[in-house]
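Participant:
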Amino acid sequence: KDAEDVLDDLEESRGYRVDAEEFLRARLIDLWVGDPDRGSDQWRFARFGEEGDEVYRPIPRDRDWAFVHADGFLTARFRSFYPKLVELRETIPEIEPLTYSSHLLDRRLLTALTRDDFASAARTVQQTMTDAVIDEALSSMPPEFQPLAVDEMRAKLIARRAQLPAIAEDFYEWLATDVDVRGTDEDNFALVERLEDGTVRVRLSQRGESGVAGTDGVSVSAQAWYDRTFLPAETDEVRIYLHGGDDHAVVRGSGRGPITVRVIGGGGDDVVEDETGTVRFYDDDGDNVARGVRSVNTQSWGWADIPEGLRFGKDWAQDWGRDRSLFSPSVQYGEGAGLIVGGGPTFTDFGFRRAPFRSRLGFNVLYGTKSGGWGAELSAEHRMENSRLAITLDARATEFEAFRFYGFGNDTPDLGDEESLVMMDQVTVYPALTWVIGPRPGNLPPGSEPDGEGEGEEDEGGEVERAFLLGKREGIRGSFSIGPLAHWTSTRVPTGNPLDGDSDVGRLGGQAILRVSNTDQGAAPRRGYRLFVQAAGFPDVWDAEGAFGTGLAQLSGYLPLFGDTHLAARIGGEAAVGDFAVPDAASIGGRRSVRGYRFDRYTGEVATWGNLELRVPIDTVHIIVNGELGVFGLADTGRVWMDGESPGGWHTAWGGGAWFSAFDRAISVAWARGNDSHGRFYIWQGLPF
């Protein structure tokens, strides 16, 4: 049987079980030969025994990733996005990349095993994989290959064999942090004992006809088919999934301890009795009874259980563990700063029913290569459990920001490059309460375009979840954020600019941002729409000369024409009312609005623009990975109003470009020329909109 059928049987009845020790030995061999591609399709299972006591034994297959050695320069750069690209060296790499595709099966089939079981399995594999076995295996390789790599592979395999006890211990500790204990669709009885030393013992058995297991209602030692004691030094959380059936869980003991215990009910009528007042109970179906528990959650959770590992780019994420990126590069572009390079760490903490993560903290140090200025940005997000609410924080401080100012109006004369450029130091802090639309909204990085590429998520339900994993990104997704906004700028005005001298302006107010998207795919959508709305208001406090407000809205639409050819259109508008400062005014020009013109070429109280692109995919090409290559033609127009006047009419531009997309990511380039300006070249991470 395949893995999904076996998991279905395990959930159906305790009469089925998997030989976990044999599966562990097979997994240790995977780690030994450096095979990170061990998802559910890489396994078949043979069934032994009689009805009521049937054992599945693993049959590994499809070893196309064994001995993979991804040591190239480009693959090393790609590894932070795709950890599966491991190297076959004498030292076994960390456990996370080696379990990139297998972690859900590992967490499902190995939860009953102890540290001693892992150590014993490592010794068995060491004793079985002798030098003679290694030599015999290598001798079967093609004769042409043997003088090139056999000696090197032999030395590596022998060295890695000696590390099996250590990697087995790492494997155990990695799995022991957050543990899923799963019952069946039969009537189960779960006994949880909290001991004084902080340990937690969990036993599962069949529920007796009287409604409990055993003669005294809690005695299950002789009948338990799952029995494991969890140590606080190893385990943070235990989750007991009762599945279907009328289940009964009892939690007793005098100890509280640091280990969180969650009981997740199923489709039957469940009873949970907690003498310790520490258990969190979740059940949205059936006539359930909960006594003494710390909390009861009756909200549904729409994520389907799918026995596969992480996809590229973590389009969906686990609900356990931590992920730390030591350094993530950042490349941006600023009008005065030129190319902005930098990077920093990102820390992600995953949690139960917090999709796609519980919390994430990212910090970047930035440098403007043209202006020579420095900057820093911080992004933080914390998701609530079983909720669409999140607390977010975006902060950015730089000394290389800039805007262009030619005076107010739709027909201002060109001042030249140096006279129009106003450099600016800037500090922005925006904490917010965010409401998620759809299970996981796209998150835009700081400084990105409002319509830029984001990660996505879909509507609730198993079929939609499966469609999402297959790349069919249908369904509304997005977010709504609202919170206070602090914004400070210090301008450095060049000689000859109509702006009245340098100034420091602090603003304190509030801001709301709405992002909504419903497209068929993220990188180069063929159909659907995206909406971005931003509004801010500032009272007469701090350095503001009076109260003022700003707003920006953009709507992008995608329409299929013939074949894969499609039309992309965007309309946008911006407004500033009250006593606003020049950096807060509405404007057009540049990649955000009307391409082919300098950034902020025309400034006023109200601005509007429109963009049209005809996008034509032309081929599937291989540039490290298989991807789509396409070309597009573009036409833009826009204008601004000041005091209700807009002399000069519509400013238009035309041009074209190309894009390459793969793994739901894209990079694009374009050239555009305005009707009264020189041509300009652009590059985007993603498509223009």
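Residue numbers (the numbering used here): 361 to 1049. Quick reminder that beta carbons are idealized off the backbone N, C-alpha and C, glycines included.
Using the C-alpha atoms, what's the distance from F383 back to R421?
Facilitator: Rounded to whole angstroms, R421 to F383 spans 13 Å at the Cα level.
Participant: State the start and end residues of the unbroken alpha helix (DSSP H) segment that holds P457.
Facilitator: I455 to L458 is the span of the alpha helix (DSSP H), which, as asked, contains P457.
Participant: Just reading off the alpha helix (DSSP H) that L564 is part of, what are its end residues?
Facilitator: Counting along the chain, L564 falls outside any alpha helix (DSSP H), though it belongs to the beta strand (DSSP E) covering V560 to Q566.
Participant: With DSSP collapsed to three states, give me the class of A584.
Facilitator: Here A584 sits in coil by DSSP.
Participant: In the DSSP assignment, what residue or residues form a beta bridge with F992?
Facilitator: According to DSSP, F992 bridges with R975 and G1017.
Participant: State the DSSP-derived secondary structure class of P810, mapped to helix, strand or coil.
Facilitator: Residue placement at P810 is flagged as unreliable, the pLDDT there being 36, under the threshold of 50; a coordinate-derived value is accordingly withheld.
Participant: Could you pull the start and end residues of the beta strand (DSSP E) that T488 belongs to?
Facilitator: Where T488 is concerned, there is no enclosing beta strand (DSSP E), although the alpha helix (DSSP H) it sits in stretches over R475 to T488.
Participant: In the DSSP assignment, what are the bridge partners of A1026?
Facilitator: S1021, per the DSSP bridge assignment.
Participant: Would you report the Cα separation of K832 and D880, rounded to the nearest angstrom?
Facilitator: Confidence at K832 is low in this model, with a pLDDT of 42, below 50, so the placement of that residue should be treated as unreliable; the coordinate-derived value is given next. Spanning the two alpha carbons is a distance of roughly 6 Å.
Participant: Express the C-alpha separation of A715 and R748 in angstroms, rounding to a whole number.
Facilitator: The straight-line gap from Cα to Cα measures roughly 9 Å.
Participant: Does DSSP put L367 in a helix, in a strand, or in coil?
Facilitator: L367 falls in the helix class under three-state DSSP.
Participant: Are the stretch 946-963 and the stretch 917-929 touching by the rule of at least three beta carbon pairs closer than 8 Å?
Facilitator: No contact exists between the stretch 946-963 and the stretch 917-929.
Participant: Answer with buried or exposed for E496, where buried requires no fewer than 16 other C-beta atoms within 10 angstroms of its C-beta.
Facilitator: Result: exposed.
Participant: State the Cα-Cα distance for the pair R890 and R875, rounded to the nearest angstrom.
Facilitator: When rounded, the distance between both Cα atoms is 8 Å.
Participant: Can you give me the C-alpha to C-alpha distance between S1028 and R1040, rounded to a whole angstrom?
Facilitator: Those two C-alpha atoms are separated by around 14 Å.
Participant: Along the chain, which unbroken stretches of the beta strand (DSSP E) at least 3 residues long are found entirely within the stretch 721-802?
Facilitator: You should have 734-743, 749-764 and 781-797.
Participant: Just the C-alpha distance for D545 and D979, rounded to the nearest angstrom, thanks.
Facilitator: Roughly 49 Å separates the two Cα atoms.
Participant: Going by DSSP, what residue range makes up the alpha helix (DSSP H) through W534?
Facilitator: Element bounds for W534: L524 to A536.
Participant: List the DSSP bridge partners of S614.
Facilitator: For S614, which the question treats as bridged, DSSP gives no partner whatsoever.
Participant: Whole angstroms is fine: what's the gap from Y460's alpha carbon to P858's?
Facilitator: Going from the Cα of Y460 to the Cα of P858 covers about 58 Å.
Participant: Measuring alpha carbon to alpha carbon, tell me which of V393, G702 and G617 ends up nearest L726.
Facilitator: If we check each option's Cα against that of L726, G702 comes out closest.
Participant: Can you tell which of A482, P618 and S947 has its C-alpha closest to the C-alpha of T537?
Facilitator: Of the candidates A482, P618 and S947, the one whose C-alpha sits nearest the C-alpha of T537 is P618.
Participant: With burial defined as no fewer than 16 other Cβ atoms inside 10 Å of the residue's Cβ, what is the status of A792: buried or exposed?
Facilitator: By the 10 Å Cβ count, A792 comes out buried.
Participant: Give me the residue from V656, N648 and G911 with the minimum Cα distance to Y642.
Facilitator: That would be V656, whose Cα lies nearest to the Cα of Y642.
Participant: Nearest-angstrom Cα distance between L470 and R385?
Facilitator: Each residue's Cα considered, the two are about 11 Å apart.
Participant: When you compare the CB positions of A945 and G932, do they come within less than 8 Å of one another, or not?
Facilitator: Not closer than 8 Å, so no.
Participant: Quick check on E414: does DSSP put it in helix, strand or coil?
Facilitator: Correct three-state label for E414: strand.
Participant: Figure out for me which residue from T658, D629 and W661 has the closest Cα to the Cα of D647.
Facilitator: That would be D629, whose Cα lies nearest to the Cα of D647.
Participant: Do V976 and V991 come within 8 Å of each other at the CB atom, strictly closer than that value?
Facilitator: Going by C-beta atoms, V991 is nearer than 8 Å to V976.
Participant: With a cut-off of 8 Å, do at least 3 Cβ pairs link the stretch 512-524 to the stretch 600-613?
Facilitator: No, because fewer than three Cβ pairs between the stretch 512-524 and the stretch 600-613 fall closer than 8 Å, the two stretches do not touch.
Participant: Taking F765 and S780 to be in contact with their CB atoms under 8 Å, please state how far apart those CB atoms are, rounded to whole angstroms.
Facilitator: Confirmed, about 6 Å.
Participant: Bridge partners of N878, per DSSP?
Facilitator: Its beta-bridge partners are Y889.
Participant: Classify A650 as helix, strand or coil using the three-state DSSP reduction.
Facilitator: Note: A650 maps to strand in three-state DSSP.
Participant: Would you kindly work out how many angstroms separate the C-alpha atoms of S373 and R483, rounded to a whole number?
Facilitator: If I take the Cα positions, the gap works out to 32 Å.
Participant: State buried or exposed for M784, treating a residue as buried only when at least 16 other CB atoms are found within 10 Å of its CB.
Facilitator: M784 comes out buried.
Participant: If we count the other Cβ atoms within 10 Å of its Cβ and call it buried at 16 or more, is D675 buried or exposed?
Facilitator: Note that D675 has pLDDT 46, beneath the 50 cutoff, so the model's placement of it is unreliable and no number is given.
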